[in-house]
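Report on one structure; see the data block that follows.
Residue numbers (UniProt numbering): 1 to 293.
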């Protein structure tokens, strides 16, 4: 069995009607690992190559079988995070990084191969505004409700904590592009953070964050997606901070915020009972009155 197709390490945890599944495995190989054609099951390398035609090449480290799934048991509503869907949203080019690349920076890196990529027709930083893969939700709507960060800061038992890397690239030793997701489950709810972090040394910092929060007493999940970006020359941050995504992210200028509410499908049993009660309250009395007259 090829390395890429080796069995994943699968872990599962259930709490308050939700199931949390975490899968981790090896990195994607650099070439096809078995005879593949359109009539057979594709290996991971061929699948990614087929599904990502806009990318001349993939990040240095892609984890094709790494994923995090959050499943609502009754309704089947799912929030999933995986590398393939994240890479599908990489644009054909990253204009903001092109603009930021000063000529002296470009000249200093002529022999790295990085400069050619900045003028090519694809985003060599693999920037993605992926927010997760949502399935089987009753409704997805914009909201003004924000995630209660004060509640998240309260001390509470951590029932489950997992961190999963989706892909990573060191940009020819000129920085880092890292996409990962982490989750913690508490007695009162769960909180997940999907982050794409980009640092091009001496040039730019960019972060796409999606926070996911659910209070087990509610019928909805809140998501908060943000984009932060700034030129290193303008922010004047200590180098050590730029190597720590958690520390530097709040210091990067905020460009965009999207707040969404994911509504869980109604419980069919409860819906039937509610309708039955409405019929008894409003329809039956009217029928009784008509027959009595």
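Note that the Cβ used here is the ideal one computed from N, Cα and C, for glycine as well.
How many whole angstroms separate the CB atoms of residue i and residue j, which I take to be in contact at a CB cut-off of 8 Å?
i           : j           : result
residue 90  : residue 133 : Actually they do not touch by this definition, with Cβ atoms about 15 Å apart.
residue 195 : residue 209 : 5 Å
residue 249 : residue 207 : 5 Å
In the DSSP assignment, what are the bridge partners of residue i?
i           : result
residue 10  : 23
residue 257 : 226
residue 71  : 19, 78
residue 247 : According to DSSP, residue 247 bridges with nothing at all.
residue 262 : 140, 221
residue 241 : Bridge partners of residue 241: none, in fact.
residue 294 : The chain is shown from 1 up to 293; residue 294 falls before or after that span and cannot be answered.
residue 235 : For residue 235, which the question treats as bridged, DSSP gives no partner whatsoever.
residue 135 : 78
Is the separation between the beta-carbon of residue i and that of residue j shorter than 8 Å?
i           : j           : result
residue 28  : residue 58  : yes
residue 263 : residue 135 : no
residue 147 : residue 213 : yes
residue 168 : residue 242 : no
residue 143 : residue 261 : yes
residue 178 : residue 191 : no
residue 125 : residue 259 : no
residue 166 : residue 86  : yes
residue 181 : residue 171 : no
residue 205 : residue 176 : no
residue 34  : residue 43  : yes
residue 30  : residue 10  : no
residue 131 : residue 225 : yes
residue 77  : residue 137 : yes
residue 174 : residue 215 : no
residue 88  : residue 52  : yes
| At least three beta-carbon pairs within less than 8 Å, the stretch 224 to 234 to the stretch 179 to 187 | Touching, no, given that fewer than three Cβ pairs across the two stretches are closer than 8 Å.
Checklist entry - Do the stretch 66 to 81 and the stretch 159 to 172 touch if we need at least three Cβ pairs shorter than 8 Å? => result Touching, yes.
_Restricting to runs no shorter than 3 residues, where is the beta strand (DSSP E) found entirely within the stretch 155 to 232?_
160 to 169, 175 to 185, 189 to 200, 204 to 215, 220 to 231
Note to self: Give the list of continuous alpha helix (DSSP H) stretches no shorter than 4 residues that lie fully inside the stretch 29 to 54.
What the structure shows: 44 to 51
- Is there contact between the stretch 15 to 33 and the stretch 70 to 82, where contact requires at least three CB pairs shorter than 8 Å? yes
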